[in-house]
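J.: Sharing a structure here in structure tokens format.
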Amino acid sequence: MGLILEEEYIDYFTSQRSAFQEKLLNEAVNVRDKIHDILLIGNIDLLNNAHKLVMYVLSGELKALDEFAQKEGISWASQDLTLAFKLEWVQAIRRTVWNFLQRYDLEREGESYRNFYELEEKVNDRIDQFLNGFFLSYSDYKDQLIESQRKIVEELSVPIIPVTSTVGVVPLIREINLSRANIIEEKILNEIERLRIQTLIMDFSGITSVEKGVLSHLMKMIDETKMMGCECVITGLGPKIVMEITKLGIQIHSQAKTKGSLQQALEDYLVSSI
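Every position in the sequence shown, counted from 1, becomes a number in the numbering used here once 7 is added.
Printed below as a string of structure tokens:
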């Protein structure tokens with residue numbers, strides 16, 4: 008595509024942005040109903056990102072296209088979003104781009120038809136370049152995430168620290184996502200049975216962040232410890248987690264006792280166990 012023609016395409020697609028998005032949503036049937044959820048969960052604006060992709064493709068900004076593909080791959084992988092949705096979305100963008108290129112040509116009475124083969128090669132190659140960059144970035148980030156999770160799991164190989172014959176402490180640290188919460192849940196329940204723990208102190212002060220849905224999962228785990236005859240005490244709740252618990256409507260006092268700090272809980276329970 009020549010520079011003048013590229014500028015004409017960019018102007019045309021910019022002026023037709025609303026119509027383009029409407030056509031795109033009709034093309035991506037399965038993704039259409041998930042757009043709001045993806046924005047809410049992963050802060051990924053699919054429609055705005057589609058516009059960016061089209062602009063990079065039409066302008067031939069290949070370096071920016073590669074950087075955008077890498078960023079998208081990391082965003083998608085970090086939120087654990089389905090790859091099938093991304094593939095459907097990009098292929099819908101491809102079909103919609105060609106639909107509007109045809110409209111552009113028809114409005115100009117086939118004026119750009121002689122450039123079709125060159126245009127076809129460049130547009131499709133650039134979209135494929137984005138897809139290749141996206142999948143490589145997604146895969147690399149996932150590998151790094153898996154390795155990071157593996158190291159964390161190794162650090163938590165024995166999550167309960169016995170402080171007396173009946174009292175144990177679980178220091179929760181770093182980021183907790185659903186995958187890690189499931190591992191912690193399994194290990195804690197097994198250790199309660201093995202060590203015959205009657206009082207479990209869960210310290211939240213070392214948590215740096217909590218993935219959406221994890222707090223509800225942790226509250227379920229507290230219920231499970233109660234079913235095993237183990238009293239749960241929670242310490243170190245910070246403002247962010249407290250507000251999230253309140254927002255979720257979780258009645259934490261009906262499920263566990265709370266203490267301001269791990270030190271306070273240890274003083275109370277070590278004295279009472281002597």
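Just so it is clear, CB atoms sit at the ideal spot from N, CA and C, and this is done for glycine as well.
(1) Quick one: what does DSSP say Lys219 is sitting in, helix, strand or coil?
(2) Just reading off the alpha helix (DSSP H) that Lys41 is part of, what are its end residues?
(3) DSSP puts Arg181 in a beta bridge; with which residues?
(4) Along the chain, where does the alpha helix (DSSP H) containing Thr253 start, and where does it finish?
(5) Using 8 Å as the limit for Cβ to Cβ distance, is Leu143 near chain D?
(6) Quick test of the definition: if touching needs 3 or more C-beta pairs under 8 Å, does the segment 141-157 touch the segment 192-207?
(7) Assess contact between the segment 240-255 and the segment 133-147, defined as three or more Cβ pairs (one per stretch) separated by less than 8 Å. Is contact present?
(8) From the DSSP output, in three-state form, read off Glu208 for me.
(9) If we count the other Cβ atoms within 10 Å of its Cβ and call it buried at 16 or more, is Glu168 buried or exposed?
(10) When the Cα atoms are used, what is the spatial distance from Lys70 to Asn55?
(11) Might you give, ordered along the chain, the residues of its own chain that have their beta carbon closer than 8 Å to the beta carbon of Ser307, omitting 5 neighbours on each side?
(12) Does the Cβ of Lys266 have 16 or more other Cβ atoms within 10 Å, making it buried, or fewer, making it exposed?
(13) Can you find at least 3 beta carbon pairs, one from the segment 36-53 and one from the segment 100-114, that sit closer than 8 Å?
(14) So is Asp210 buried or exposed if we call it buried at 16+ other beta carbons inside 10 Å?
T.: Quick answer:
(1) For the purposes of this step, residue 219 is taken as residue 212 along the sequence shown, with counting starting at 1. Three-state result, Lys219: coil.
(2) Translated into the one-based positions of the sequence shown, residue 41 becomes position 34. It is not in any alpha helix (DSSP H) - Lys41 carries neither H nor E in the DSSP assignment.
(3) Residue mapping note: residue 181 aligns to position 174 of the sequence shown, counting from 1. Paired residues: Ile214.
(4) As a working mapping, residue 253 is identified with position 246 in the sequence shown. It spans Pro246 to Leu255 - the alpha helix (DSSP H) in which Thr253 sits, taken as one unbroken run.
(5) Reference to chain D is not applicable here, since this structure consists of a single protein chain.
(6) no
(7) no
(8) Locating residue 208 in the sequence shown gives position 201, counting from the first residue. The sequence shown places Ile at residue 208, rather than the Glu named in the question. Here Ile208 sits in strand by DSSP.
(9) For the purposes of this step, residue 168 is taken as the residue at position 161 of the sequence shown. Residue identity differs from the one stated: residue 168 is Ile in this sequence, not Glu. So Ile168 counts as exposed.
(10) Walking along the sequence shown from the start, residue 70 turns up at place 63. Walking along the sequence shown from the start, residue 55 turns up at place 48. Using only the alpha carbons, I get a separation of about 19 Å.
(11) In the structure as shown, the chain begins at 8 and stops at 281. Residue 307 is therefore absent and cannot be evaluated.
(12) Locating residue 266 in the sequence shown gives position 259, counting from the first residue. Buried, by the Cβ-count rule.
(13) no
(14) For this step, residue 210 is matched to residue 203 along the sequence shown. The residue in question, Asp210, is buried, as its Cβ has 16 or more Cβ neighbours within 10 Å.
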